[in-house]
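This report refers to the structure that appears directly beneath it.
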Amino acid sequence: MVEAERVLPDFISELGNVMAKHQLGEVCIIMRITGCPNGCGRAMLVEIGLVGKAVGRYNLYIGSDRTGLHIPRLYKENITLEQIIQDRNWMHRLVYV
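Just so you know, we're using numbering that gives the first Met the number 0 here: the sequence shown kicks off at 0 and counts up by one.
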């Protein structure tokens, strides 16, 4: 199991700051995180999903929608939260797809 509940508030805050810097602060995004590497939880049913892979590392899924009609795709595997924040390409794909 990987940290999920404790890291989420700080991660969301940092992500919000980055999105605001790129004029995406008004974009409403549903995000979930699970510490279970088996995907136990609803992280696979949202626009941004983080699934714990190892201590401090996550798989980043993007591309679902609020209704759950679209299946998110694995964007990057086994990356840190810092790497997710630094990678701007996935934000562009999320907003403009």
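Ideal Cβ placement from N, Cα and C applies to all residues, glycine included.
Check: Between which residues of its own chain and valine 96 is the CB-CB distance below 8 angstroms, once the five residues before and five after are set aside?; Outcome: Note that valine 96 scores a pLDDT of 48, beneath 50, so its modelled location is shaky and nothing firm can be said.
Check: If I follow the unbroken beta strand (DSSP E) through glycine 48, where does it start and stop?; Outcome: 47 to 53
Check: On the DSSP letters alone, give me the boundaries of the alpha helix (DSSP H) that isoleucine 84 sits inside.; Outcome: 80 to 85
Check: Who are the Cβ neighbours of tryptophan 89 in its own chain at under 6 angstroms, not counting the five residues just before and after it?; Outcome: Ile61, Tyr74
Check: Can we say the stretch 15 to 22 touches the stretch 44 to 63, given the rule of at least three CB pairs closer than 8 angstroms?; Outcome: no
Check: Just tell me which of Pro8, Asp9, Pro36 has its CA closest to the CA of valine 54.; Outcome: Pro36
Check: Per DSSP, methionine 30 forms a beta bridge with which residues?; Outcome: Ile47
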